[in-house]
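K.L.:
Below you'll find the structure I mean.
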Amino acid sequence: MPTSSELLLLSPGSELPVIHVFDPTQSPETGVDRLGRLMQEASISPSRHLFPPAVPLARTALVPALERSLSSDLEDIRAAAEEVANEFGSEAASRYANYLSVVAETADERAARYAIANVFYASDADRIHAAVLGHPAIGSRFAVSLLREELHNCTDDAQQSAVVSAQLQLAESVSSGKNLKDAVAEYLSFARSFGKGVLVRMDDLIAAAQASDATDDDVREALDFAVLLDHASEAVLSLELGRRLAERRSQASFEEAEKLLLRAVELLDEADPDWSAAAGNLAIVTAASAVGDPEDNWDRAHDLLVRVLDRTDRTIRGREWALNATNLSHLLMGRPSGRVDDDDLTRAIELAEAAQELRSPDLDVVDWAFSCVNVGSLYQRRSNAGDLLQAEHLYRAALGRIGLADHEPLWCRLRMNLASVIGAQSTANLPDAERLLEATLDEALNQNAAPETVSEITLQLASVKDRQGDSTSRASDLRRDGLALIDPLARPLTFIEVGQPLAEAYAQSGQWVQAAEVFDWVIAAHNHWYRIHLNRKTQREIMSESPTLTRWASYAYARAGRVSDAIEVIEDMRARELNFNVERDMVNSARLAETDPQLASEYDSALREHKGAIAADATTGAYWEAVSTESVLRSLLMKIRLVPGFENVHRRRTVRDIAESMAGRAVAYIVNAPAGTMVLSLNRKSGVSVTHIPEITSALIIRLLLFDPEKGLAGLLMAQQATESQFMDEAISRLDQLRPMARALAALLSSQGHELVVVPTGYVGLLPLYALNTAPADRPPRLLDEMGTLYIAPSALVMSTSMARAQRKGAPHLVGVANPTGDLPGAEAEVDTITAQFVLAGDKPSIAYNASASRTWLLGSVAAATHLHLACHGGSEIGDPTGGYLVLSGGSRVSTDDLSAQELPFGRLVVASACQTAHYGTQGNPDEVLGLPTGFLIAGAPCVVASLWPVDDTATALLMTRFYELLDLTQDNAAQDPVNAMRGARSWLRQLTSEDERVYVGARPFLSAALRRLATRDDRQRAPDRNSLNMPSESLYAKPRYWSAFAVLGA
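Per the numbering used here: the sequence shown ends with 1078, consecutive numbering throughout.
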């Protein structure tokens, strides 16, 4: 933006509602004139209360004004100016000092204006009383002076004069110290005595506001006075204005309409016919609102319409009853989840038919034809025996009475529905359906029909062509043309259901630019649909319904040459639930408190309440509390984004944001799709790059993990279920097919200082990437683990958060559980060896063995831990979309959701050595990475160690002992490096010889004792394995199944 550009920084209700950022080369008079124009361009009414006075700020001082603490600088303007001069120069310092002086000089006036705006918005005694207490500046000399000035300026307007006189009376009463209750009572009495002339005209005002040629301003003017003078009139006018706004069907109008109609419902008696009108309109607006949770909105709309129908006499007010019955039938078919059961269908048909009986084509043919569409659509959706014929009869009957000129959208809808129903009865009818749709489309185009109508016809025509086996690209082109006519945010489900298959079809035919363009629409729709839902279960369902969208869109972007978009969509949409939670946790409340302590306190409190509600929802199904606290949290985040320095909180991160958050490390995203794999890399210095590996397809990854049907070989996940170890060895050896991907990562490691953050997408995250071989087949193996350090994370955001959390200082404190179910004696030996190391480091570990390791004990102990070690059974199954659980004593469980609700304020490391704790649910959306590590990361852990498969007890004890030694518990927690400690432990174990083991164990009595207990177990029959990687034969644990099972997530 040019340096001479002007800005308005708006923050209604804040300490500085309007800041006018001006070009210092302009004269003050010109600046004032331009300010007025800027406010007009921004569609801001320059209200006497809410916005002025705008505080002028020279653009040369904008950066320090945004970055510095206003409250602190106001305490010592001179010192603040000196600091700004040192950092930004003398020009910025001088301008900034002038800005601070104006802020200080206008503080009392701004407080007075803000008080006036808030006190006189209230409309009854209790609200006014509370508003005065909250805004004592209403009694200041500035407030009184402002009101006197306004009274002087409105002497020609009796109505306005009456209102301002009443307001001045209250301000003077507060200023004189009069009893507040009496002052408020006098204010209301005074307002009414001055407003008798207004009341006499109120009926005329209402009549004028309800006239067909009335404008919104007419209604608003009448409503402004009714709010103060007459609740009955306020209700009528709120209903009228709310109904007008609702008919516009924009989100902004819906939000205002909902407030107005809710106020009307509050004021009206349920026996009043206007109450039914207000409640019916409120139900429709509520159901269509994008604010709040759609399921919650649907329930409230449903309850309202049921109440309206119960209170409406259909014999007297038949038209009104029919309208609300029709709306309720529509609502029953439009659950946000998309699921409709037979009871809903039957009830909807009964309501629609009852409504149709009250309509007549002779009285209103359009209204009657709409009812034919409503009832026919319901029959068509149910599709029981005879239903399609009944629907066809209704559509043909309506088309026999209505033409294109009568109601173009309705005529088109009837013909579309007729084409659909005849095509559904028999494939032989499809040509007739196609001809009918093509003729309808021609007529719609000739008549310049609404884009939404043309879009629906076009999309339906594409579907008919598909059903007829059209092998040309015509159907795809029709779908693309149809989608291009509508807004993804207005019709998100259409884009998700139609757009994603279309994008995939373009991708399959190699049309990557077209695929990327359609993915743009689908991503926008999906993001909107996900974000407007407040319930976590629904959000998970939304992600599960599009399990490949994130990866395939990213791959298409990369193939289309849009590498930055490919990275940003992965970062934004992968591990969404995890990202949302860790980002909320990382809002710097301490820094926020410097600017707005109240907002910081509210946010911390809301975050705690939300976590508690999530925990309650997981255990007792406290759905509404979870939704309510989510709504509060989102509202506070919007306020936080208005605070300078917090503008990017909870916003989509750009490539630049991602690179800057990595502290100099490069990040590589492994994007696996049907046409191959992309390794997308990003570094602050070198920018973005891409490596395409076409031979590593998503089908290959599935074969390596599950089953290769051509060779009849079990993949890595299936082999874990076998008792014979050779199946695991064979499955791991087949990972050599991933050498091209390993070499791409190796090249990045070599060029990036031998450190690389890796974000594996889809099912790639279930692979031990560090164990991949990079060497050609004819050369000795060289593992990625030997070439550098891989930092693996679900997203770059999670990694940057982990890096920040890892800086927590403090001495180690171990909390652990061992063998809570009594059938894992090896777990006790493992924990014994680890506990001894913490004791040597000066810690007093808190360990629960066997039956004492209960759910209650663990959840009550985790908050004190810096290091948490869990040696117990786990259930993190591939097919479990909820993320798995830990099994504790008595068969009790701790789920991923339970862990997410905990707080680990001191946490440095979590080790979950239970079997397969690194698995995550793939039945839904594998890119959500819902597993036990997710729960720990949400709870606040910077780093989680988890297992990809079951491991020999002795190998685990040795690996963990060495791991904690390399971690060096004598260091401060912030100095520990779990990722490199595990890398070193893996390298050590795979090279450990028999003699090395004897010496190592002998020097550690605690480990020796633990291994002796393991050796006495009747079921222990371990014999040394020979190395399959050409290492010395005496190396006992060289096979990857021993040393590569434990993955490290985070930092």
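Built from N, CA and C at the ideal position, the CB exists for glycine as well.
Everything numeric in this text was worked out from a predicted model, so none of it was measured.
1) Does DSSP put F49 in a helix, a strand or coil?
2) Can you name the residues that DSSP bridges to N710?
3) Contact criterion: CB-CB distance below 7 Å. Does K492 meet it with respect to chain C?
4) Name, in chain order, the residues that DSSP records as bridge partners for T704.
5) According to DSSP, what are the bridge partners of G1077?
6) Assign L810 to one of three DSSP states: helix, strand, or coil.
7) With a threshold of 6 Å on Cβ separation, who are the neighbours of E1061 within its own chain once the five nearest residues in sequence on each side are excluded?
8) Could you tell me the alpha carbon to alpha carbon distance between G967 and L174, rounded to whole angstroms?
9) With distances taken between CB atoms, is the gap from R989 to A1065 smaller than 7 Å?
10) Return the CA-CA distance between V825 and V889, expressed in angstroms with no decimal places.
11) Take every Cβ of the region 830-841, pair it with every Cβ of the region 789-797, and state whether three or more of those distances are shorter than 8 Å.
12) When DSSP labels each residue in this structure, what does G901 get in the three-state scheme?
13) How big is the Cα-Cα spacing for R75 and D924?
14) Is the Cβ-Cβ distance between L488 and Q527 less than 7 Å?
15) For the beta strand (DSSP E) holding V786, just list the boundary residues, first then last.
16) Going by other Cβ atoms of all chains shown within 10 Å of its Cβ, with 16 needed for buried, is A534 buried or exposed?
17) Suppose contacts are defined by Cβ-Cβ distances below 7 Å. Is R661 in contact with A686 by that definition?
18) Compare the Cα-Cα distances from L11 to each of S616, A585, G703 and A317 and report the closest residue.
19) With distances taken from CA atoms, which of D763, R601, D623 and G849 is nearest P807?
20) Under the rule that 16 or more other beta-carbon atoms within 10 Å means buried, what is M1081, buried or exposed?
21) Taking the alpha helix (DSSP H) that R920 belongs to, which residues open and close that run?
22) Would you call N800 buried or exposed, if buried means 16 or more other Cβ atoms sit within 10 Å of its Cβ?
23) Would DSSP call V190 helix, strand or coil?
24) Would you check if the distance between the CB atom of F169 and the CB atom of A139 is smaller than 7 Å?
25) If you follow the alpha helix (DSSP H) that T862 is in, where does it begin and where does it stop?
26) Please report how far the alpha carbon of S447 lies from the alpha carbon of W325, in whole angstroms.
27) Helix, strand or coil, according to DSSP, for S536 in the structure here?
28) Which value, in whole angstroms, describes the spacing of the CA atoms of Q943 and A798?
29) Grab me the residues of V938's own chain with a C-beta within less than 6 Å of its C-beta, minus the 5 sequence neighbours each way, in chain order.
30) Locate the beta strand (DSSP E) running through A939, then write down its first and last residues.
31) Do L405 and L376 have their beta-carbon atoms positioned less than 7 Å apart in this structure?
32) When you compare the CB positions of L512 and S482, do they come within less than 7 Å of one another, or not?
33) Can we say the region 88-99 touches the region 671-679, given the rule of at least three CB pairs closer than 8 Å?
34) What is the DSSP secondary structure of V694, counted as helix, strand or coil?
35) One question on the structure: do R583 and V596 come within less than 7 Å of each other, judged by their Cβ atoms?
36) Under the assumption that L707 contacts A585 (Cβ atoms under 8 Å), give the Cβ distance between them as a whole number of angstroms.
P.N.:
In brief:
1) If DSSP states are grouped into helix, strand and coil, F49 belongs with the strands.
2) Paired residue(s): G714.
3) Judged by its chain identifiers, the structure shown contains no chain C, having just a single protein chain.
4) Looking at the DSSP assignment, T704 forms a beta bridge with N699 and I720.
5) Per DSSP, C970.
6) Residue state for L810 is assigned as strand, using DSSP reduced to three classes.
7) Within the same chain, Cβ atoms closer than 6 Å to the Cβ of E1061 are found at T1020 and S1021, the five residues on either side in sequence being excluded.
8) Straight-line spacing of the CA atoms in G967 and L174 works out to 53 Å.
9) Against a cut-off of 7 Å, the Cβ pair of A1065 and R989 comes out as no contact.
10) The alpha-carbon atoms of V825 and V889 are separated by roughly 21 Å.
11) Touching, no.
12) In the structure shown, G901 falls within a strand segment according to DSSP collapsed to helix, strand and coil.
13) The predicted model places R75 with a pLDDT of 43, which falls under 50 and marks its position as unreliable; any figure quoted below should be read in that light. Approximately 50 Å, taken between the alpha carbons.
14) Not a contact, by the Cβ cut-off of 7 Å.
15) Where V786 is concerned, the enclosing beta strand (DSSP E) stretches over E782 to P787.
16) Classification for A534: buried.
17) One thing to note: R661 has its Cβ no nearer than 7 Å to the Cβ of A686.
18) Residue 11 lies beyond the range of the chain shown here (28 to 1078); nothing can be said about it.
19) Minimum Cα distance to P807 is reached at D763.
20) Residue 1081 cannot be examined here, being either before or after the span of the chain that is shown, 28 to 1078.
21) Element bounds for R920: not the alpha helix (DSSP H) but the beta strand (DSSP E), R920 to S922.
22) Taking all protein chains in view, the Cβ of N800 is crowded by 16 or more other Cβ atoms within 10 Å, so the residue is classified as buried.
23) Residue state, collapsed to three classes: helix.
24) Remark: C-beta atoms of F169 and A139 approach each other more closely than 7 Å.
25) For T862, the enclosing alpha helix (DSSP H) begins and ends at P852 to L867.
26) Distance between the alpha carbons of S447 and W325: 28 Å.
27) Note: S536 maps to coil in three-state DSSP.
28) For the pair Q943 and A798, the Cα-to-Cα distance works out to about 17 Å.
29) Contacts found: H896 and V972.
30) Run containing A939: L936 to A939, per the beta strand (DSSP E) assignment.
31) Looking at the sequence provided, one finds Ile at residue 376 rather than Leu. The answer is yes: Cβ separation under 7 Å.
32) Yes, they are a contact pair.
33) With a cut-off of 8 Å, the region 671-679 and the region 88-99 count as touching, because enough Cβ pairs lie within range.
34) It is a strand residue.
35) A small fix is needed here, since residue 583 is Ala in this sequence, not Arg. With respect to the 7 Å criterion, A583 and V596 are not classified as neighbours on the basis of their beta carbons.
36) Under the criterion of beta carbons closer than 8 Å, L707 and A585 qualify as touching, at roughly 6 Å.
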